[in-house]
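Chains as they are written, first to last, in the working numbering: chain A, 1 to 312; chain B, 1001 to 1186.
Here it is in structure tokens:
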């Protein structure tokens, strides 16, 4: 229940953050009216607006698949929140294979995007869905390989176990390459700029989501922001010590706030990149994954393995 | 019936119905989506028998990778968009092969496990799976990885465009295409 509640509120916080951060980076104010103080209720207003919109299903669309797709995209991200530890005892489920479960579950949302793109019966949607599938498959590999190096160092797959293993130092100091690969691959998995080729608005309107309106479209947006929270949370657990605080003053503040702070900081970083980098071209994007990131991740695993054996 | 058995029956019914729907539906994309449900239900069966690691491997490999590739290649080639259908005329033969496989499997499973007592389940941790894999089965594991490597190299060889065999086939549309792409790269 708490997990579901968190899933429904945190993405709205990130959405508001994106509005404001992007606006200020572009020397604008962003939402200022809704709710009074600096437009804090903008996302609530957006939600109400989405509910009021007409729910259109195109005549040529495959209505069942079209309707199911938003749920297939969103549910995996809700399921991830079940295993993320927000404190030493604050988690819904401590799975023995935590990180593996997370990586397996995220792979499902690709099917949702393909369903959305195909069922829309629209060439832009189909092109967007195919781009999304190609990108998500390509960047899933570095994502998994980067996590493998961390798992090897921690000696456990459990997310709580990985957080506990970083009691003395965070893994960003021992796995900086892994952290870089993981963040880049997560950006691509979320199809966020600079990896937003699948929804490139100047070429293919809005990719697989072009035909969606109202609540169904809101589901996709929720999945995107939920995805930012989820990937930030996983990156915090894997590389930034999760709920572990910094030495000396770490014990003064509860783990929940450390974890939330790290998630917020990473989400800010992800939004920051959107305001900074232009979109990659499709072939550059694929080449970067297969030629640069995957060999780098494999080398990272090898070095981690050698060091682990030598230190032992 | 225990809770486990009831869960198994529910999962088996869903999986079985979607498997039948997969082969009977006229739309290839629908068939692939029913395949997703069937494979996910196989994963759920693994969960029911407490093989957690295997269950998520099933989801990651089959649902996350193989079906996605299947859907991807279908949509890239000849999947009809929207409500159009695509069908072939192999029904009789397909039914025959399907029945044959079913009979064979039923006989094999009955033959191997029919008389034996029910096995008591115990939760296998990932640690145990890892230890078993890398202590007891390390050679088969390595042999499989060599096999996969060979398949990988084979796929690269097949997919390579600029092989000398291409020029032997005489002039084709590739040559101007390549020049064009080089020009854009500059």
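We treat Cβ as the ideally placed atom computed from N, Cα and C, and that holds for glycine.
Original post:
Would you say residue 1186(B) reaches chain A, if we count a Cβ-Cβ gap shorter than 8 Å as a contact?
Top reply: Confidence in residue 1186(B) is poor, its pLDDT being 37 and thus under 50, which makes the residue's placement too unreliable to answer from.
**OP:** Check distances from the C-beta atoms of the stretch 1050 to 1067 of chain B to those of chain A and list, in chain order, the residues that come in under 8 Å.
**Re:** 1052, 1053, 1056, 1057, 1059, 1060, 1063, 1064, 1065, 1067
Original post:
Rounded to whole angstroms, how far is the Cβ of residue 169(A) from the Cβ of residue 153(A), which I believe are closer than 8 Å?
Top reply: Actually they do not touch by this definition, with Cβ atoms about 11 Å apart.
**OP:** Decide if the stretch 207 to 226 of chain A is in contact with the stretch 4 to 20 of chain A; the criterion is three or more beta carbon pairs, one per stretch, under 8 Å apart.
**Re:** yes
Original post:
Would you call the CB atoms of residue 158(A) and residue 238(A) closer than 8 Å?
Top reply: No, the pair does not count as a contact, with Cβ atoms beyond the cut-off.
Original post:
Taking 8 Å as the CB-CB cut-off, is residue 130(A) touching chain B?
Top reply: yes
Original post:
When the Cβ atoms of the stretch 200 to 217 of chain A are set against those of the stretch 1013 to 1027 of chain B, are three or more pairs found closer than 8 Å?
Top reply: No contact exists between the stretch 200 to 217 of chain A and the stretch 1013 to 1027 of chain B.
**OP:** Report the residue from 73(A), 82(A), 86(A) whose alpha carbon sits nearest the alpha carbon of residue 107(A).
**Re:** 73(A)
**OP:** Anything in the stretch 83 to 107 of chain A with a Cβ closer than 9 Å to a Cβ of chain B? List those residues in chain order, please.
**Re:** Contacts with chain B (Cβ-Cβ distance below 9 Å) from the stretch 83 to 107 of chain A involve 95, 96, 97, 100, 101, 103, 104, 105, 106, 107, listed in chain order.
**OP:** Indicate whether residue 293(A) and residue 185(A) have their beta-carbon atoms separated by less than 8 Å.
**Re:** By the CB criterion at 8 Å, residue 293(A) and residue 185(A) fall inside the cutoff.
Subject >> Pairwise C-alpha distance: residue 1048(B) and residue 183(A) >> reply: 35 Å
Original post:
Quick one: is residue 159(A) near chain B, going by C-beta distance under 8 Å?
Top reply: no
Subject >> Under the three-state DSSP convention, the category residue 1072(B) falls into >> reply: helix
**OP:** Find the residues of chain B that neighbour residue 306(A), judging by a C-beta separation of less than 9 Å, and give them in chain order.
**Re:** Neighbours of residue 306(A) on chain B: none; closest Cβ ~17 Å, over 9 Å.
Original post:
residue 65(A) touches chain B at which residues, Cβ-Cβ below 8 Å?
Top reply: 1029, 1030, 1033
Original post:
Which residues mark the beginning and the end of the alpha helix (DSSP H) in which residue 287(A) is found?
Top reply: In the DSSP assignment, residue 287(A) falls within the alpha helix (DSSP H) that extends over 282 to 287.
**OP:** Would you mind telling me which residues of chain A sit closer than 8 Å to residue 1072(B), beta carbon to beta carbon, in chain order?
**Re:** 114, 130, 133, 134, 137
Subject >> Residue span of the alpha helix (DSSP H) that contains residue 1112(B), given as start and end >> reply: 1091 to 1113
**OP:** Along the alpha helix (DSSP H) that carries residue 244(A), what are the first and last residues, could you check?
**Re:** For residue 244(A), there is no enclosing alpha helix (DSSP H), as DSSP gives it neither H nor E.
**OP:** State yes or no: is the beta carbon of residue 1024(B) nearer than 8 Å to at least one beta carbon in chain A?
**Re:** no
**OP:** Along the alpha helix (DSSP H) that carries residue 74(A), what are the first and last residues, could you check?
**Re:** Counting along the chain, the alpha helix (DSSP H) containing residue 74(A) begins and ends at 63 to 81.
Original post:
Is the stretch 142 to 149 of chain A touching the stretch 201 to 208 of chain A in the sense that three or more CB pairs, one from each, lie closer than 8 Å?
Top reply: no
Original post:
Is the shortest distance between the beta-carbon of residue 1041(B) and the beta-carbons of chain A less than 8 Å?
Top reply: Closer than 8 Å: no.
Original post:
Given a threshold of 16 other Cβ atoms within 10 Å of its Cβ, counted over all protein chains shown, does residue 1060(B) qualify as buried or as exposed?
Top reply: buried
Subject >> Listed by chain order, chain A residues near residue 1187(B) by CB distance under 9 Å >> reply: Look at the range of chain B in this structure, 1001 to 1186, and you will see that residue 1187(B) is not part of it.
Original post:
If you follow the alpha helix (DSSP H) that residue 113(A) is part of, which residue opens it and which one closes it?
Top reply: 109 to 119
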